[in-house]
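>
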Amino acid sequence: MKDRVAIAGAASTGFQARNTDRSQASYVAQACKAVLDQCGLTPRDIDGLCGSLPTAPAVQSMLGIPELTWFANPVIPFGNHVAAAASAVYSGLCDVVLAYHGAYRMAWNTGSALKDPFRRGVTFGGGGVVPPESVAGSAGYTAWASRYIYEFNVPRESLGHVAINSRTNAMANPGAAMRDPLVMEDYLSARMIRSPLCLYDMDVAVDGADAFIITTAERAAGLRLPPVLINAVVLGMTGKNEEDQTPGLRQHGQHVTVEALKAKSDFWIDDIDVLLAYDGFSVITLNWLENVGFCGPGEAGSFIADNWVANEDGTGRIMIKGRVPVNTHGGSLSEGGTQGTGHLREAVHQLQGLAAGRQIEGAERALVTVGGFFFNAEGMTLRRGRPR
Amino acid sequence: MNVGNAGGRTAGSMNNEPADMSVADADVSDEELCSLFPGAVDRDSAAHLRGRLRRRLLINRCAECGTWHAPPKPVCPSCLSEHVVATPVSGAGTIFMAVFLHQGPPAEGVDYSTPYPVVTVELDEQPGLRYSSTVVGSPNEEIQIGRRVELDWIMRGNVPTPVFRLAGKSRA
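Chains P and U are the protein sequences, given in the same order.
Taking our numbering, the leading residue of the first sequence gets 4, the next gets one more, and so forth.
Taking our numbering, the leading residue of the second sequence gets 183, the next gets one more, and so forth.
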């Protein structure tokens, strides 16, 4: 499948960290319309549809897409959607996929969503009573953060640098939800949510949406924007993938993803121009930096410190070897929690030359990692498919 | 798999103490079990949850190859045998991960004004076999990765809930 499937366009509504007076579907519609316009397509051109919420049938009906030959409603994060859509396109089940993700403030990602009566019924999963004595779901990353700190004896500042990097980058992204400067004193004095993680270690619940056009490389070549070719995509998991049964920090889904992605890709970390390393929780980014090979286990904190560009006001950002920035859109921590669509959209825009005030000059190749450790450690290598 | 009968004591007849006056000795019906653990029961977790009512921590073990697994599955992930048996464990183990919730889901007896500990314990029965719950009877400063723990029980409503206490500390 290498380079045979392309992302032809990516569009976003931008994100807001408050209960807006709009539905999830309205954001999805806005993002889908924007990406169709951007690519010069209409609903008639779409024959594949892929997203989680709203469901594909609901989105087809909403957008008046006349006929689909393929659709899927994969589980989050968004690497699943990319892999499903690329497979469908490559195998000929359909030709042009509209893939979307509605980020929406719901009870599972922010308790304050319950203040809005229109949101109370919008949720993932079947509900049920969740007891506090569990590390399933969000608490799982906090649990593994405790293990990370225990095994490698790292200071909280190592996590803080991930949050500050995302925030500093978000300040250059008009679509980001959180754009006020963040410095280490803010991080260290922030409210703890689940020790050892604080407010700034966890992605921000937002309203908004992203949408993508995924099609054959040939079809994409005839559309308006430079195609972004999917060089490889991997959804890695280990046998024991429950949060509390996952074997260890040297053996989880990321290790499977990295080994397979290296084997399937034409390039690796020495050749990339931008790294989009998932930061739904700060500890996940530290693990990705280590596991893709920038440094050894437990060394990401010092690696970041060695590759840190500090500003006088206390903000700062990662520039690997002075050249490769990380999460240039602000990541899940500051642009907003999008289950990886933000990371993917930013990679596409950087490679298309559409990243405006944060454009990396001449960006050709990107590594995008989406998701965490368990049943969600996903990655892809992307490259620009048209000469500049 | 243990299929309950309808002859057990009902939830309404129970109270918080003493512990041995609870549902512990009752063989509750499927209906009662599902009402005691709303949203949490399926055919594969029923034996584990029935064990809780008797204050026994049951973890699935393969009757053919002897491997333990958690959470409960209908087959043994090591040999794919369908002969898995919910089997008592001692509950002794070592804290593998430790979280302290400054906020969290509402639950009876949980006051987040003191951060609520949630630990994953590696059980002595098998390397990598883990069970997650809270720790009772010790200040948070003492609840650390690497500490030894033992099994204890608290009441959540009328239902016994397995918890841990640091080894050597008196029972809840």
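Even for Gly, the Cβ is constructed at its ideal location relative to N, Cα and C.
Let me see if you follow: with CB-CB separation under 8 Å, is Y203 of chain P close to chain U or not?
As a first step, residue 203 of chain P must be located in the first sequence, where it is residue number 200. Not closer than 8 Å to any Cβ of chain U, the Cβ of Y203 of chain P fails to qualify, so no.
> Is there at least one Cβ from chain U nearer than 8 Å to A193 of chain P's Cβ?
Taking the first residue of the first sequence as 1, we reach residue 193 of chain P at position 190. With 8 Å as the cut-off, A193 of chain P does not count as an interface residue toward chain U.
> Which residue from U:A349, U:S260, U:V345 puts its Cα closest to that of R234 of chain U?
Within the second sequence, the letter at position 52 stands for residue 234 of chain U. The shortest Cα separation from R234 of chain U among U:A349, U:S260, U:V345 belongs to U:V345.
> Would you be able to state if there are at least three C-beta pairs under 8 Å between the region 252-271 of chain P and the region 349-365 of chain P?
Not touching, per the Cβ criterion.
> Can you have a look at L336 of chain P and say buried or exposed, based on whether 16 or more other CB atoms are within 10 angstroms of its CB?
Along the first sequence, read from residue 1 onward, the residue named residue 336 of chain P stands at position 333. When all chains shown are included, L336 of chain P counts as buried.
> I need the boundaries of the beta strand (DSSP E) containing E304 of chain U, first residue and last residue.
The residue labelled residue 304 of chain U in the question sits at position 122 within the second sequence. It spans 298-305 - the beta strand (DSSP E) in which E304 of chain U sits, taken as one unbroken run.
> Can you give me the C-alpha to C-alpha distance between V318 of chain U and G328 of chain U, rounded to a whole angstrom?
The sequence position of residue 318 of chain U within the second sequence is 136, counting from 1. The sequence position of residue 328 of chain U within the second sequence is 146, counting from 1. Looking at the two C-alpha atoms, the distance is approximately 16 Å.
> Listing by chain order, which chain U residues have their CB less than 8 Å from the CB of T145 of chain P?
Residue numbering aside, residue 145 of chain P sits at position 142 when the first sequence is read from its first letter. Going along chain U in sequence order, the residues near T145 of chain P (Cβ under 8 Å) are V281.
> Whose CA, out of U:A245, U:S352, U:V331, U:C216, lies closest to the CA of S315 of chain U?
The count along the second sequence starts at 1 and reaches residue 315 of chain U at position 133. Measuring from the Cα of S315 of chain U, the nearest candidate turns out to be U:V331.
> If we define contact as Cβ-Cβ less than 8 Å, is D50 of chain P a contact residue for chain U?
The count along the first sequence starts at 1 and reaches residue 50 of chain P at position 47. By this cut-off, D50 of chain P is not an interface position.
> Counting only runs of 3+ residues fully inside the region 66-130 of chain P, write out the beta strand (DSSP E) ranges in chain order.
The DSSP assignment places complete beta strand (DSSP E) segments of no fewer than 3 residues inside the region 66-130 of chain P at 73-75, 99-106, in order along the chain.
> Per DSSP, M337 of chain U is paired with what?
Here residue 337 of chain U is taken as the residue at index 155 of the second sequence, counted from 1. Beta-bridge partners assigned by DSSP to M337 of chain U: U:P342.
> What residue range does the alpha helix (DSSP H) around C338 of chain P cover?
The sequence position of residue 338 of chain P within the first sequence is 335, counting from 1. The sequence shown places Glu at residue 338 of chain P, rather than the Cys named in the question. Element bounds for E338 of chain P: n/a, residue is neither H nor E.
> By a C-beta neighbour count over all protein chains shown, 10 Å radius and 16 as the cutoff for buried, is V125 of chain P buried or exposed?
Along the first sequence, read from residue 1 onward, the residue named residue 125 of chain P stands at position 122. V125 of chain P should be labelled buried.
> Can you tell me whether C247 of chain U is buried or exposed, with buried defined as 16 or more other CB within 10 angstroms of its CB?
On the second sequence, residue 247 of chain U is found 65 positions in, with the first residue counted as 1. Exposed is the call here.
> Using a Cβ-Cβ cut-off of 8 Å, state whether S314 of chain U counts as contacting chain P.
As a position in the second sequence, residue 314 of chain U is number 132, starting the count at 1. Yes, S314 of chain U lies at the interface with chain P (some Cβ there is under 8 Å from its Cβ).
> I'd like to check one pair, Q257 of chain P with W291 of chain P: are the Cβ atoms closer than 8 Å?
By 1-based counting over the first sequence, the position of residue 291 of chain P is 288. By 1-based counting over the first sequence, the position of residue 257 of chain P is 254. Closer than 8 Å, so yes.
> By Cβ distance below 6 Å, which residues in the same chain neighbour D207 of chain U in space, the five residues on each side in sequence not counted?
Mapped onto the second sequence, residue 207 of chain U falls at position 25. Since pLDDT at D207 of chain U reaches only 45, below the 50 mark, its modelled position is unreliable, and the value read off the structure follows with that caveat. Apart from sequence neighbours up to five positions away, no residue of its chain approaches D207 of chain U with a beta-carbon distance below 6 Å.
> I need the boundaries of the beta strand (DSSP E) containing I233 of chain P, first residue and last residue.
What you label residue 233 of chain P is simply residue 230 of the first sequence in a count that begins at 1. Segment 231-239, the beta strand (DSSP E) holding I233 of chain P.
> Pull the bridge partners of R330 of chain U from the DSSP assignment, please.
Start at 1 with the first residue of the second sequence, and residue 330 of chain U comes out as number 148. Paired residues: U:T276.
> How many Å lie between G283 of chain P and R389 of chain P at the Cα?
The residue you call residue 283 of chain P lines up with position 280 of the first sequence. The residue you call residue 389 of chain P lines up with position 386 of the first sequence. Whole-angstrom Cα-Cα distance: 32 Å.
> Kindly identify the DSSP beta-bridge partner or partners of L279 of chain P.
In the first sequence, residue 279 of chain P corresponds to position 276, counting from 1. P:V371, per the DSSP bridge assignment.
> Who pairs with N242 of chain U in a beta bridge, going by DSSP?
For this step, residue 242 of chain U is matched to residue 60 along the second sequence. Note: N242 of chain U sits in a beta bridge opposite U:H251, U:A268.
> So which of P:A116, P:M187, P:T260 has the shortest CA-CA distance to A308 of chain P?
As a working note, residue 308 of chain P is residue 305 in the first sequence. Closest option to A308 of chain P, judged by alpha-carbon separation, among P:A116, P:M187, P:T260: P:M187.
> Could you give the distance in angstroms between the alpha-carbon of F377 of chain P and the alpha-carbon of S260 of chain U?
Taking the first sequence and counting its residues from 1, one reaches residue 377 of chain P at position 374. Taking the second sequence and counting its residues from 1, one reaches residue 260 of chain U at position 78. Going by the C-alpha atoms only, they are around 19 Å apart.
> Keeping to the same chain, check which residues put their C-beta closer than 8 Å to that of N322 of chain U; ignore five residues upstream and five downstream.
For the purposes of this step, residue 322 of chain U is taken as the residue at position 140 of the second sequence. Sequence-distant Cβ neighbours of N322 of chain U in its own chain, meaning closer than 8 Å and more than five residues away, are F282, T296, P297, P299.
> Indicate whether at least one CB of chain U lies closer than 8 Å to the CB of S141 of chain P.
Against the first sequence, residue 141 of chain P aligns to sequence position 138. Not one chain U Cβ lies under 8 Å of S141 of chain P.
> Which residues in the same chain as D202 of chain U place their Cβ atom closer than 8 Å to its Cβ, once the five residues preceding and following it in sequence are excluded?
What you label residue 202 of chain U is simply residue 20 of the second sequence in a count that begins at 1. With a pLDDT of 41 at D202 of chain U, under the threshold of 50, the modelled position of this residue cannot be trusted, and the question is left open.
> Would the region 218-226 of chain P count as touching the region 240-255 of chain P if we require 3 or more Cβ pairs under 8 Å?
no
> Can you list the residues of chain P that T249 of chain U reaches, using a CB-CB cut of under 9 Å?
Counting from 1 along the second sequence, the entry for residue 249 of chain U is found at position 67. Under the 9 Å cutoff, chain P gives no residues; its nearest Cβ is about 12 Å from T249 of chain U.
> Does the Cβ of V295 of chain P have 16 or more other Cβ atoms within 10 Å, making it buried, or fewer, making it exposed?
The residue you call residue 295 of chain P lines up with position 292 of the first sequence. Around the Cβ of V295 of chain P, a 10 Å sphere holds 16 or more other Cβ atoms; the residue is buried.
> From the DSSP output, which residues share a beta bridge with R150 of chain P?
In the first sequence, counting from the first residue as 1, residue 150 of chain P sits at position 147. DSSP output for R150 of chain P lists no bridge partner at all.
> Name the DSSP bridge partner or partners of A214 of chain P?
Here residue 214 of chain P refers to the residue found at position 211 when the first sequence is read from its first residue. BP columns for A214 of chain P point to P:A14, P:Y103.
> Give a yes or no on whether the C-beta atoms belonging to A59 of chain P and A75 of chain P are separated by under 8 Å.
As a working mapping, residue 59 of chain P is identified with position 56 in the first sequence. As a working mapping, residue 75 of chain P is identified with position 72 in the first sequence. Going by C-beta atoms, A59 of chain P is nearer than 8 Å to A75 of chain P.
> Write down the C-beta distance between L200 of chain P and T288 of chain P rounded to the nearest angstrom, noting that I regard them as a contact closer than 8 Å.
Position 197 of the first sequence, counted from the start, is the residue given in the question as residue 200 of chain P. Position 285 of the first sequence, counted from the start, is the residue given in the question as residue 288 of chain P. The Cβ separation is near 13 Å, so there is no contact.
> Less than 8 Å between C-beta atoms, sequence neighbours within five positions excluded: which residues of the same chain meet that for R253 of chain P?
On the first sequence, position 250 is the one that residue 253 of chain P refers to. Closer than 8 Å at Cβ, skipping near neighbours: P300.
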